[in-house]
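To convert, count from 1 in the sequence shown and add 11; that's the working numbering.
C-beta atoms are modelled at their ideal positions from N, C-alpha and C, and glycine is treated no differently.
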Amino acid sequence: MADTAVRVLLLNGPNLNLLGSRDPQQYGSVTLAEVERRVTALGAELGAEVECAQSNHEGVMVEHIHRARELDGVVFNPGALAHYSIALRDAIDAVETPCVEVHISNVYAREPFRHTSVTAPVVQGYIAGCGVAGYELGLRAVLARIGERQA
Ligand code: DQA
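Right under this line is the structure:
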């Protein structure tokens, strides 16, 4: 791929390494490796280089967001951190890189504690309840945001 390719980070938070076996009624049966393969393949089609990362640790997630200053965009599922991590929210707010938040499940149809996202007010797009297809939609959305910035 040319050096000029758009670079996007696909970032997954706590417990998303368990995709495929964790609560299939909410999250389906597709593994994280398969999600990463699909998003990377779509990126290649659309001219974007996708880097993938997952962490179960809040501080590591914050550092990934800081590192995204060198990239063009972020598609991320913060997992439960969305509901309470002010540190992650502040990290997203501190970087200029457009971030699109993805939740596999429809968090608004679930327990009340999942109805709050502290990260949602500082992202450029938000997708929930579309299953793992939400990650591919998230990639398209962040690429659209990047395009708007470059226009
Ligand atoms: C999730 C929803 C969160 O409430 C939950 O803690 C997760 C996954 C989702 O993708 O639907 O870990 O972010």
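Looking at the secondary structure, which residues open and close the beta strand (DSSP E) in which residue i lies?
i   : result
R18 : 17-23
List the whole-angstrom C-beta distance separating residue i from residue j, where the pair is believed to meet the contact cut-off of C-beta under 8 Å.
i    : j    : result
V61  : V143 : The pair is not a contact, with the Cβ atoms about 15 Å apart (cut-off 8 Å).
V113 : G149 : 4 Å
I138 : V106 : That belief does not hold up - the Cβ atoms of I138 and V106 are roughly 20 Å apart, past 8 Å.
S128 : Q37  : Contact flag wrong, Cβ pair sits at about 16 Å.
T108 : A79  : 5 Å
N23  : R33  : Not confirmed; about 12 Å, so no contact.
From the DSSP secondary-structure annotation, give me the bridge partner or partners of residue i.
i    : result
E112 : F87, Y137
Over what stretch of residues does the alpha helix (DSSP H) that includes residue i continue unbroken?
i    : result
A93  : From DSSP, A93 is part of no alpha helix (DSSP H); its letter is neither H nor E.
E147 : 144-161
R100 : 97-105
Using 6 Å as the cut-off, classify the Cβ of residue i as near or not near the heavy atoms of the ligand COA, replying yes or no.
i    : result
A131 : This structure does not include the ligand COA; its bound ligands are the ligand DQA.
Checklist entry - Is the segment 72-87 close to the segment 19-34, with three or more CB pairs under 8 Å? => result yes
Item to check | Validate contact between the segment 95-107 and the segment 69-83 using beta carbons, cut 8 Å, 3 pairs | outcome: yes
Checklist entry - For the segment 26-89, which segments carrying the alpha helix (DSSP H) assignment without a break, of at least 4 residues, lie completely within its bounds, in sequence order? => result 35-38, 43-57, 69-78
Checklist entry - When the Cβ atoms of the segment 40-59 are set against those of the segment 143-160, are three or more pairs found closer than 8 Å? => result yes
Checklist entry - If you pair each beta-carbon of the segment 121-132 with each one of the segment 42-52, do three or more pairs fall below 8 Å? => result no
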